[in-house]
Every structure is written in structure tokens, then in C-alpha cells.
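> What follows is a structure written as C-alpha cells; I'll ask about it next.
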Amino acid sequence: MTLYLVCNLSQNEVNILKKVIALSVIISLFYLFKKGEIIESRYSFSQNILSLLGMNSLDIYIFHYFLLHICDVKILKTWVMTSQNYLLEFIITLLIALLISYTAIGIGKILKSSNLIYEIVYGNFAKKLMITNNK
Numbered sequence: 014m015t016l017y018l019v020c021n022l023s024q025n026e027v028n029i030l031k032k033v034i035a036l037s038v039i040i041s042l043f044y045l046f047k048k049g050e051i052i053e054s055r056y057s058f059s060q061n062i063l064s065l066l067g068m069n070s071l072d073i074y075i076f077h078y079f080l081l082h083i084c085d086v087k088i089l090k091t092w093v094m095t096s097q098n099y100l101l102e103f104i105i106t107l108l109i110a111l112l113i114s115y116t117a118i119g120i121g122k123i124l125k126s127s128n129l130i131y132e133i134v135y136g137n138f139a140k141k142l143m144i145t146n147n148k
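Residue numbers (my numbering): 14 to 148.
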């Protein structure tokens, strides 16, 4: 919308420009990550974080729903609506997401330490119980 007013571009030109910008950002990010992969060591800090999140994605998927209800983000929403500070909102949201992810991983590790709880939460405990009762 701003480009339309400032540069006197048509709506079609603005849409094409948005797609070109989006494509160039994707190519730039891909290049930076590929370049960083070559420069950094095999076990870099960012790769360790991403691999930890990837290996424990089931825990995050299961427990994030319950953890989201604990966080009251309505306060953040009203603050952002009044201040319009989107960079700070992004940083705070990223920190909340990381906190929820690591808390979910911690809960998963605690639950996996008990075989019975592990079978109830992750396994086929009810199915196994029904099979043994039918025999």
C-alpha cells in the first residue's frame, strides 16, 4: 500500500514487486544458511538448537497446547496494538515460543523416565490393557 502511494505504482506492479522481494529474501536466506553451514563447524550452536527441537518435536507437539493456556498473551496483544512496536513483539513472541518448546521438552523427558507413564502418554497402553483383559 505504501509503495502504491509513494512510487505511484499500479496494484499489479505492487503485487509483482512483493513477489520479487519475497523471492529475493528466500534466495538470500538460503545462501546465508548454506554459507554458514560451510563456515561453521559441524556442530554449531544453531544446529544443536535446531536438532534438539527436531528430535523432541513430538513432546513439543503434545505439550505445547497445555502450556499455551498458561501464558496470558492478551496483555501482549493490547500492548502491541497501542505501541505498534512489531520488532519487540517478534522478539518477545520468539522468546515465549522457545520457553514453551524447552518446557515441553523438559516435561517429555520427565515423563519418559517412568516406563508406566511413558506407555500411557506415548504408547498403546489402553490397547495393550484391552488385549490382556480379553485373553
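Glycine included, C-beta positions come from ideal geometry on N, C-alpha and C. None of the values given here were measured: they were computed from a predicted structure.
#1: So the candidates are I130, G119, F46, I133; which of them puts its Cα closest to the Cα of M68?
#2: With DSSP collapsed to three states, give me the class of Q60.
#3: Apart from the five residues on each side of it in sequence, which residues of its chain come closer than 8 Å, Cβ to Cβ, to V134?
#4: Pick out whichever of I104, L71, F43, I88 has its Cα sitting closest to the Cα of A117.
#5: Could you tell me the alpha carbon to alpha carbon distance between I113 and V86, rounded to whole angstroms?
So, from the data block:
#1: Position 55 of the sequence shown, counted from the first residue, corresponds to residue 68. Ranking I130, G119, F46, I133 by Cα distance to M68 puts G119 first.
#2: As a first step, residue 60 must be located in the sequence shown, where it is residue number 47. Three-state result, Q60: helix.
#3: Along the sequence shown, read from residue 1 onward, the residue named residue 134 stands at position 121. Same-chain partners within the cutoff: I75, L124.
#4: The residue labelled residue 117 in the question sits at position 104 within the sequence shown. Ranking the options by Cα distance to A117, first place goes to L71.
#5: As a first step, residue 113 must be located in the sequence shown, where it is residue number 100. As a first step, residue 86 must be located in the sequence shown, where it is residue number 73. So the alpha carbons of these two residues sit roughly 13 Å apart.
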